[in-house]
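Using our numbering, read the first sequence as starting at 1 and increasing by one per residue. C-beta atoms are modelled at their ideal positions from N, C-alpha and C, and glycine is treated no differently. Every value quoted in this text rests on a predicted model; they were computed, and no experiment measured them. I have placed the structure first, in the form of structure tokens, so that the comments after it can refer back to it.
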Amino acid sequence: MDKKQATKRAIELRRKLQYHNYRYHVLQSPVVSDVEFDRLLAELRQIETEHPDLVTDDSPTQRVGGEPVDKFERVRHPASILSLSNAFDPDDIRSWFDRIAKIDERVEHAGFVVEPKLDGLTVVLHYEKGVFVLGATRGDGQYGEAITSNLRTVRSLPLRIPVESGGPPAPSRLVVRGEALIFRDDFKVMNQALEAAGERTFVNPRNTASGALRQLDPSLTASRPISLLCYAVVDGEGELPGTQWETLAWLRELGFPVASEPSRVPDLEAAIEAAQELETRRENLAYELDGAVIKIDDLQLSSELGVVGKDPRGAIAYKFAAQEVSTQLQDIGVNVGRTGVITPYAILEPVEVGGVTVRQATLHNFDFIKDKDIRIGDRVMIKRAGDVIPYVIGPIEDARQGDEKPFRMPRRCPSCGEALEQVEGEVAVYCVNSACPAQLVRNVEHFASRGAMDIEGLGIKVAQQLVEEGKIGDVGDLYSLTEDRLLDLEGFAEKKAQALVAAVDASRSQPLQRLIGALGIRGIGDVVAGDLALAFGDLDALSRANADNLTQVEGVGPNLAQAVLDWFDQNKNKALLEKLKQARVWPRVDRSPALQGPLALDGLTFVVTGTLPHLTRDEAKELIKIQGGKVAGSVSRNTNYLVLGENPGSKLDRAQQLGIPTLDEDGLRRLIETLGRGGED
DNA sequence: GATCCTCGAGTTCG
DNA sequence: CTCGAGGATC
Numbered sequence: 001m002d003k004k005q006a007t008k009r010a011i012e013l014r015r016k017l018q019y020h021n022y023r024y025h026v027l028q029s030p031v032v033s034d035v036e037f038d039r040l041l042a043e044l045r046q047i048e049t050e051h052p053d054l055v056t057d058d059s060p061t062q063r064v065g066g067e068p069v070d071k072f073e074r075v076r077h078p079a080s081i082l083s084l085s086n087a088f089d090p091d092d093i094r095s096w097f098d099r100i101a102k103i104d105e106r107v108e109h110a111g112f113v114v115e116p117k118l119d120g121l122t123v124v125l126h127y128e129k130g131v132f133v134l135g136a137t138r139g140d141g142q143y144g145e146a147i148t149s150n151l152r153t154v155r156s157l158p159l160r161i162p163v164e165s166g167g168p169p170a171p172s173r174l175v176v177r178g179e180a181l182i183f184r185d186d187f188k189v190m191n192q193a194l195e196a197a198g199e200r201t202f203v204n205p206r207n208t209a210s211g212a213l214r215q216l217d218p219s220l221t222a223s224r225p226i227s228l229l230c231y232a233v234v235d236g237e238g239e240l241p242g243t244q245w246e247t248l249a250w251l252r253e254l255g256f257p258v259a260s261e262p263s264r265v266p267d268l269e270a271a272i273e274a275a276q277e278l279e280t281r282r283e284n285l286a287y288e289l290d291g292a293v294i295k296i297d298d299l300q301l302s303s304e305l306g307v308v309g310k311d312p313r314g315a316i317a318y319k320f321a322a323q324e325v326s327t328q329l330q331d332i333g334v335n336v337g338r339t340g341v342i343t344p345y346a347i348l349e350p351v352e353v354g355g356v357t358v359r360q361a362t363l364h365n366f367d368f369i370k371d372k373d374i375r376i377g378d379r380v381m382i383k384r385a386g387d388v389i390p391y392v393i394g395p396i397e398d399a400r401q402g403d404e405k406p407f408r409m410p411r412r413c414p415s416c417g418e419a420l421e422q423v424e425g426e427v428a429v430y431c432v433n434s435a436c437p438a439q440l441v442r443n444v445e446h447f448a449s450r451g452a453m454d455i456e457g458l459g460i461k462v463a464q465q466l467v468e469e470g471k472i473g474d475v476g477d478l479y480s481l482t483e484d485r486l487l488d489l490e491g492f493a494e495k496k497a498q499a500l501v502a503a504v505d506a507s508r509s510q511p512l513q514r515l516i517g518a519l520g521i522r523g524i525g526d527v528v529a530g531d532l533a534l535a536f537g538d539l540d541a542l543s544r545a546n547a548d549n550l551t552q553v554e555g556v557g558p559n560l561a562q563a564v565l566d567w568f569d570q571n572k573n574k575a576l577l578e579k580l581k582q583a584r585v586w587p588r589v590d591r592s593p594a595l596q597g598p599l600a601l602d603g604l605t606f607v608v609t610g611t612l613p614h615l616t617r618d619e620a621k622e623l624i625k626i627q628g629g630k631v632a633g634s635v636s637r638n639t640n641y642l643v644l645g646e647n648p649g650s651k652l653d654r655a656q657q658l659g660i661p662t663l664d665e666d667g668l669r670r671l672i673e674t675l676g677r678g679g680e681d
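Put into structure tokens, the structure is as follows:
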């Protein structure tokens with residue numbers, strides 16, 4: 001290929017790559033496969049290697065990262081990169097409005113744009129004649145650091161504008177403000193990959209993005225999935241849009257990535273509403289945000305309003321309640337589960353997260369503490385998403401004082417003092433003392449719980465009292481409790497004692513499936529208990545079963561079979577069975593399955609997510625099961641329908657990925673009706 | 001032998 | 001809800 005041809009081909013390749021990159025990273029609708037893209041890129045790289053003088057600043061091959069630099073150069077921003085004043089509730093927003101309405105009466109009739117307040121690193125991007133030439137951090141607002149080579153590695157950053165031919169002509173000079181961040185999904189995938197490689201994972205997207213962009217070696221930056229969203233013009237030549245709303249549209253047309261969430265509203269109350277609406281959707285957005293920004297749409301008016309300190313008067317940030325905060329880890333406690341599993345939990349300096357005060361959070365297991373290098377006394381990040389349980393993300397290592405103590409794994413059970421055991425290759429640590437009082441308490445609690453024997457009035461506290469006062473030695477003893485014997489417990493008077501005895505009595509009629517589940521055999525929960533009940537009919541038959549009989553049951557393999565055999569082999573459990581039999585707690589499975597023929601939902605699998613209008617989730621599951629359907633815990637290809645309520649979780653995303661149809665509560669009822677009628681014909 | 005799927009267990013605050 | 005582990009399936 002001669003020089004002239006090479007030059008022509010290089011330009012063509014760059015144009016193509018630019019376009020496909022934009023389709024992929026900005027529009028997220030690629031028109032060529034990854035393989036084709038890679039082939040084009042390889043061809044360009046080949047040409048550039050043969051003709052090094054053809055390499056340009058805006059060439060996609062330059063994204064991989066150039067030479068490391070010693071330090072970043074300081075650059076002066078063409079205009080101050082302002083911060084925003086904060087509002088924490090709607091009234092703060094209204095008083096901001098009143099203040100600026102006094103300064104300029106046009107504010108009274110101003111429209112607003114409401115945008116997500118992105119939680120990333122603010123960047124300032126310079127374009128000369130449409131080519132990306134300089135990128136800087138915000139710094140102190142006047143001066144920032146030039147991180148151009150690092151920003152070049154960001155795939156959604158246009159190296160040349162307009163990206164698509166036919167877009168508006170780019171001004172000869174343009175400076176754009178945006179936010180570099182990492183999308184939630186990308187962050188998750190990245191952490192999973194790091195974990196698989198045995199490397200330390202990152203605590204949150206924001207710190208990761210900001211840390212990666214300050215790397216002196218651009219190839220490190222390139223290895224992080226950083227994205228960009230732009231939202232303002234800092235400076236530019238020629239005619240620029242007059243409103244914020246038009247600015248967003250214009251940036252989008254030039255090929256910049258722009259968030260799709262902003263909305264334009266006619267007045268302040270609508271703006272407040274839009275900001276609050278953004279807060280409710282916060283968990284479902286692709287990126288993390290810590291608030292909403294309300295901006296006066298008219299940029300001329302906005303700039304005339306001026307600045308207070310570093311904050312422009314024409315916009316305000318409405319901060320959401322923090323869902324991720326740091327606090328001090330005061331100590332690490334240890335719990336004993338009903339199966340004897342020992343789990344550590346964090347004792348925290350109380351802190352507000354997403355509207356509730358958190359004092360404790362689980363640490364999952366001892367490997368978690370080791371992997372994250374969590375030490376007592378550390379400042380740790382706590383996260384609470386939606387109404388999900390708070391958890392410790394990890395320590396802030398930079399905040400260490402040096403007096404933090406590594407956690408020493410306990411060698412003895414905190415309840416009974418017996419030595420703990422860990423099975424080779426397993427994460428869990430067990431207390432194997434079958435007489436451990438803590439285990440008995442949890443065992444009684446489980447036995448009485450709603451999904452098991454459903455004994456009302458017997459929660460963990462009463463269970464603890466009964467065990468500590470020696471009223472019971474196993475769950476079988478519950479059935480010989482009398483009112484008299486309960487009366488000497490603290491907090492028990494005649495009425496409460498009576499109620500408990502009655503509740504225990506009522507539990508005799510629970511079906512076999514529940515009783516098997518209630519026994520607390522390791523690895524046997526609701527579902528397998530149901531299968532065992534159906535297969536064996538009563539506890540006598542189950543206790544006589546051997547490994548072969550057991551593995552015949554669907555879902556039971558050698559491990560579960562052994563767990564069942566072990567349980568029935570223990571003397572204390574033999575004694576327990578005897579007590580239950582004497583107490584006539586001995587249900588048999590009703591082997592006359594429904595006579596009404598095929599059920600409406602026979603053979604269909606459902607997953608329920610979110611809050612339904614009339615039924616609780618458990619009721620909905622019950623309804624599906626009664627009609628012959630199966631309810632699974634998570635969405636997979638085998639799922640037929642996702643029953644969808646308000647505020648669905650991640651299950652909806654997965655269902656959409658797999659193209660699984662959704663139903664609302666009414667839809668479910670209609671389905672049962674139509675199929676029910678069809679089945680009877 | 002690898003991958004996908006399902007189940008079980010533990011878990012916070014008000 | 002999330003994780004780990006066991007079981008089923010190819």
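Could you give the first and the last residue of the continuous alpha helix (DSSP H) run that contains residue i?
{"i": "residue 136", "result": "Here residue 136 belongs to no alpha helix (DSSP H); instead the beta strand (DSSP E) covers 131-137."}
{"i": "residue 205", "result": "205-213"}
{"i": "residue 479", "result": "It is not in any alpha helix (DSSP H) - residue 479 carries neither H nor E in the DSSP assignment."}
{"i": "residue 461", "result": "460-468"}
{"i": "residue 572", "result": "571-582"}
{"i": "residue 101", "result": "90-103"}
Taking buried to mean at least 16 other C-beta atoms within 10 Å of its own C-beta, is residue i buried or exposed?
{"i": "residue 594", "result": "Note that residue 594 scores a pLDDT of 48, beneath 50, so its modelled location is shaky and nothing firm can be said."}
{"i": "residue 685", "result": "For residue 685 there is no data in the structure shown, the boundaries of the chain being 1 and 681."}
{"i": "residue 626", "result": "exposed"}
{"i": "residue 103", "result": "exposed"}
{"i": "residue 509", "result": "exposed"}
{"i": "residue 280", "result": "exposed"}
{"i": "residue 60", "result": "buried"}
{"i": "residue 405", "result": "exposed"}
{"i": "residue 142", "result": "exposed"}
{"i": "residue 559", "result": "exposed"}
{"i": "residue 302", "result": "buried"}
Taking DSSP as the reference, what is the three-state secondary structure of residue i?
{"i": "residue 126", "result": "strand"}
{"i": "residue 595", "result": "Because residue 595 sits at a pLDDT of 45, beneath the cut-off of 50, its placement in the model cannot be relied upon, and the point is left open."}
{"i": "residue 680", "result": "Caution is warranted here: a pLDDT of 46 is assigned to residue 680, below 50, making its placement in the model unreliable, and the coordinate value is therefore given only provisionally. Three-state result, residue 680: helix."}
{"i": "residue 236", "result": "strand"}
{"i": "residue 346", "result": "strand"}
{"i": "residue 352", "result": "strand"}
{"i": "residue 310", "result": "coil"}
{"i": "residue 115", "result": "strand"}
{"i": "residue 71", "result": "coil"}
{"i": "residue 554", "result": "coil"}
{"i": "residue 454", "result": "coil"}
{"i": "residue 509", "result": "helix"}
For the beta strand (DSSP E) that contains residue i, what are its first and last residues?
{"i": "residue 279", "result": "Counting along the chain, residue 279 falls outside any beta strand (DSSP E), though it belongs to the alpha helix (DSSP H) covering 268-281."}
{"i": "residue 172", "result": "Neither: residue 172 is in no beta strand (DSSP E) and is coded neither H nor E."}
{"i": "residue 327", "result": "324-336"}
{"i": "residue 360", "result": "356-362"}
{"i": "residue 263", "result": "263-265"}
{"i": "residue 608", "result": "605-609"}
{"i": "residue 316", "result": "315-319"}
{"i": "residue 430", "result": "429-431"}
{"i": "residue 289", "result": "289-296"}
- prompt: Hey, is the segment 365-376 in contact with the segment 391-411, meaning 3+ C-beta pairs nearer than 8 Å?
  reply: yes
task: Within the segment 380-424, note down every full beta strand (DSSP E) run reaching 3 residues or more, in order along the chain.
output: As far as the segment 380-424 is concerned, its whole beta strand (DSSP E) runs of at least 3 residues are 391-395 and 420-422.
field: Three or more C-beta pairs below 8 Å linking the segment 525-542 and the segment 485-498
entry: In this structure the segment 525-542 does not touch the segment 485-498; the number of beta carbon pairs closer than 8 Å is below three.
- request: Kindly provide the ranges of any alpha helix (DSSP H) runs that are 4 or more residues long and lie completely inside the segment 611-671, ordered along the chain.
  value: 617-626 and 650-658
- request: Spell out a yes or no on whether the segment 298-310 and the segment 77-85 are touching, meaning 3 or more CB-CB pairs, one atom from each, closer than 8 Å.
  value: yes
- prompt: Should the segment 170-177 be called in touch with the segment 218-234, which here means at least 3 C-beta pairs below 8 Å?
  reply: Touching, per the Cβ criterion.
Touch test, the segment 431-442 against the segment 404-418, Cβ-Cβ under 8 Å, three pairs minimum: A contact exists between the segment 431-442 and the segment 404-418.
message: Whether or not the segment 578-585 and the segment 468-480 are in contact is what I'm after, with contact meaning three or more pairs of Cβ atoms, one per stretch, closer than 8 Å; do they touch?
response: yes
- request: Kindly confirm or deny that the segment 148-168 and the segment 87-102 touch, where touching means at least three C-beta pairs closer than 8 Å.
  value: Taking 8 Å as the limit for Cβ pairs, the verdict is that the segment 87-102 does not touch the segment 148-168.
query: With contact counted as at least three CB pairs below 8 Å, one residue from each stretch, are the segment 191-205 and the segment 259-273 in contact?
result: no
- request: Report yes or no: do the segment 337-345 and the segment 439-450 share at least 3 C-beta pairs separated by less than 8 Å?
  value: Because the criterion of three Cβ pairs below 8 Å is met, the segment 337-345 and the segment 439-450 touch.
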